[in-house]
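Number of protein chains: 2
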Amino acid sequence: MIKVLLAEDQAMVRGALSALLKLESDLDVIGCAADGEEAWQLAQTGKPDVVVTDIEMPKLTGLELAQRVREREPGIKVIILTTFARPGFLRRALDAGVGGYLLKDAPAEQLAEAIRKVHRGGRAIDPQLALEAWSGDDPLNDRERQVLRLAGEGKSAGEIAVQLHLSQGTVRNYLSEAIGKLGVSNRIEAYRLARQKGWL
Amino acid sequence: MIKVLLAEDQAMVRGALSALLKLESDLDVIGCAADGEEAWQLAQTGKPDVVVTDIEMPKLTGLELAQRVREREPGIKVIILTTFARPGFLRRALDAGVGGYLLKDAPAEQLAEAIRKVHRGGRAIDPQLALEAWSGDDPLNDRERQVLRLAGEGKSAGEIAVQLHLSQGTVRNYLSEAIGKLGVSNRIEAYRLARQKGWL
DNA sequence: ACTTGGCCGTGACACCTGTCATCAAGCGGC
DNA sequence: GCCGCTTGATGACAGGTGTCACGGCCAAGT
Chain A
16 MIKVLLAEDQ
26 AMVRGALSAL
36 LKLESDLDVI
46 GCAADGEEAW
56 QLAQTGKPDV
66 VVTDIEMPKL
76 TGLELAQRVR
86 EREPGIKVII
96 LTTFARPGFL
106 RRALDAGVGG
116 YLLKDAPAEQ
126 LAEAIRKVHR
136 GGRAIDPQLA
146 LEAWSGDDPL
156 NDRERQVLRL
166 AGEGKSAGEI
176 AVQLHLSQGT
186 VRNYLSEAIG
196 KLGVSNRIEA
206 YRLARQKGWL
Chain B
16 MIKVLLAEDQ
26 AMVRGALSAL
36 LKLESDLDVI
46 GCAADGEEAW
56 QLAQTGKPDV
66 VVTDIEMPKL
76 TGLELAQRVR
86 EREPGIKVII
96 LTTFARPGFL
106 RRALDAGVGG
116 YLLKDAPAEQ
126 LAEAIRKVHR
136 GGRAIDPQLA
146 LEAWSGDDPL
156 NDRERQVLRL
166 AGEGKSAGEI
176 AVQLHLSQGT
186 VRNYLSEAIG
196 KLGVSNRIEA
206 YRLARQKGWL
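Residue numbers (this note's numbering), protein chains in the order written: chain A, 16 to 215; chain B, 16 to 215.
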């Protein structure tokens with residue numbers, strides 16, 4: 016009997032996934048968490064074999080959760096289950112030592128399969144995504160990322176400068192750098208591209 | 016026995032919701048569709064009592080599907096099940112005559128309940144969303160929406176002008192109008208706000 | 001025929017953006 | 001020490017953006 020903990024912020028999806036896994040006779044859903052923090056609590060008390068988690072969650076993201084689990088509960092495996100086919104996310108997930116990375120686009124049967132495979136010590140990485148992951152590296156540095164994030168929220172160079180304690184000119188330099196590196200022609204496109212790639 | 020058709024583009028979620036509904040003894044999931052077009056085909060052949068559909072789907076959105084169902088298969092009820100708590104979406108859904116509008120944030124039990132209620136001829140609208148829906152009207156006209164959509168993709172006034180066969184100055188006027196109406200200070204914020212409200 | 005209102009365009013202005021060359025301070029490394 | 005490197009600042013410039021006033025056109029209303 017494989018003990019599974021489910022972390023997913025959308026209640027409807029959480030309940031549905033739970034129902035899905037309960038159909039499998041060799042899986043035991045020992046808990047459901049609505050955010051990363053709750054998942055971490057339940058992981059410590061419930062001692063699941065595998066944690067299935069979304070990435071975008073309140074309080075603690077799935078990636079942060081994975082990292083913490085590896086550091087402090089290395090016996091527990093983590094599988095990321097997310098909407099986002101972003102190479103950057105997969106990269107970071109692998110860095111955090113996850114056992115699996117599945118997309119919500121994948122057929123439902125794959126989830127139980129992945130849980131069994133990871134529990135046996137294997138890895139379950141979405142195949143087409145695995146290819147993409149090594150196709151493009153994040154060219155941005157920390158400052159460029161920060162600046163781009165704020166620019167994407169509609170902030171002007173001046174506002175960004177205040178927030179980051181830089182001069183306005185420096186902010187514009189970083190933005191210009193980012194725009195150049197990404198091969199686009201303005202901050203909006205730069206933001207969209209970086210976001211789509213999972214680089215923010 | 017209530018016959019249910021499920022339309023949802025993410026396979027994992029589709030399968031999970033199907034598993035969830037199959038736990039209910041009075042519900043019969045007669046089909047699952049991965050896009051709006053497939054859902055429409057299955058709705059015609061399978062004659063479900065209720066269609067549960069996501070909004071964002073390939074080929075035909077949930078809103079368009081709802082409209083078509085009301086026009087050509089008025090006996091079939093539609094329930095929208097979506098991530099997006101956007102007043103504009105709810106408004107359009109109600110205009111399309113849907114029987115229910117649920118959020119994926121809602122507890123899983125509500126789905127079966129909503130299906131039963133709608134099948135009995137009732138309505139199942141997410142309560143907090145119903146309030147919001149009448150709180151703010153879309154102040155934008157068609158041109159402003161078009162221009163804002165393109166601006167949000169990072170296009171400059173010149174590029175937008177070419178695409179819409181307008182002059183660059185006119186495009187800037189529309190953008191300025193939209194920015195003013197939304198009470199923000201640049202096109203990026205205007206785009207984000209309009210998008211968040213479901214007005215694009 | 002006259003007015004009203006929506007749609008589109010123009011021109012002018014201040015300000016913001018994106019680019020580039022350049023400079024200064026700090027920080028390991030050999 | 002001197003070197004190379006990084007981080008941040010500065011100033012200048014062309015071009016884009018946001019605002020505004022104004023003018024023409026056309027389809028209703030009256």
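By construction, the Cβ of each residue, glycine as well, lies at the ideal position given by its N, Cα and C atoms. Computed from a prediction, not measured in an experiment: that's the story for all the values here.
* Hey, would you say GLN211(B) sits closer than 8 Å to ARG101(B), going by beta carbons? -> Yes. Within cutoff.
* Residues of chain A with a CB under 8 Å from the CB of ARG29(B): which are they? -> Correct list: ALA123.
* **Residues near ARG158(A) by beta carbon distance below 6 Å, same chain, minus five either side** => Listed in chain order, the non-local C-beta contacts of ARG158(A) below 6 Å within the same chain comprise TYR189, local neighbours out to five positions each way being set aside.
* To do: Please name the residue in ALA22(B), ALA205(B), GLY90(B) whose C-alpha comes closest to that of ILE70(B).
  => Residue nearest to ILE70(B) within the set ALA22(B), ALA205(B), GLY90(B) is ALA22(B) (criterion: CA-CA distance).
* Asked: Quick one: any contact between the region 27 to 39 of chain A and the region 34 to 41 of chain B, if contact means 3 or more CB pairs under 8 Å?
  -> Yes, the region 27 to 39 of chain A touches the region 34 to 41 of chain B.
* Is it buried or exposed for MET16(B), if we count other Cβ within 10 angstroms and need 16 for buried? -> MET16(B) counts as exposed, since fewer than 16 other C-beta atoms from the protein chains shown sit within 10 angstroms of its C-beta.
* Asked: Which term fits ASP110(B), buried or exposed, when burial requires 16 or more other beta carbons within 10 angstroms of its beta carbon?
  -> Exposed.
* **Reference LYS18(A), options GLN125(A), ALA31(A), LYS62(A), LEU208(A), closest by Cα** => Of GLN125(A), ALA31(A), LYS62(A), LEU208(A), the residue nearest in Cα terms is LYS62(A).
* One or two residues paired with ILE130(A) in a DSSP bridge -> Beta-bridge pairing links ILE130(A) to no other residue.
* To do: Name the residue from ALA166(A), GLU79(A), ALA145(A) whose alpha carbon lies nearest to the alpha carbon of GLN183(A).
  => Closest in alpha carbon position to GLN183(A), among ALA166(A), GLU79(A), ALA145(A), is ALA166(A).
* To do: Output yes if chain B places a C-beta closer than 8 Å to the C-beta of ALA111(A); else output no.
  => So, not an interface residue.
* Nonlocal neighbours in the same chain, by C-beta distance under 8 Å from ASP50(B), ignoring five residues either side -> Hits under 8 Å: ALA22, ASP24, MET72, PRO73, LYS74, LEU75.
* Determine the direct distance from the alpha carbon of ALA205(B) to that of ALA145(A), and round the result to whole angstroms. => Distance between the alpha carbons of ALA145(A) and ALA205(B): 36 Å.
* Asked: Between the beta-carbon of LEU42(A) and the beta-carbon of MET27(B), is there less than 8 Å?
  -> A distance of 8 Å or more separates the beta carbons of LEU42(A) and MET27(B).
* To do: Please list the residues of the region 81 to 99 of chain B that have a C-beta atom closer than 9 Å to any C-beta atom in chain A, keeping them in chain order.
  => Against chain A - using a Cβ distance shorter than 9 Å - the residues of the region 81 to 99 of chain B are LEU96, THR98.
* **Closest by C-alpha distance to ILE203(B), when choosing among GLU88(A), ARG160(A), SER171(A)** => Ranking the options by Cα distance to ILE203(B), first place goes to SER171(A).
* Asked: For ASN201(B), which residues in chain A fall below 8 Å Cβ to Cβ?
  -> Result: GLY169, SER171.
* For THR97(B): DSSP bridge partner residues -> Answer by DSSP bridge pairing, in chain order: LEU118(B).
* Is ILE17(B) helix, strand or coil by DSSP? -> In this structure, ILE17(B) counts as strand in the three-state DSSP scheme.
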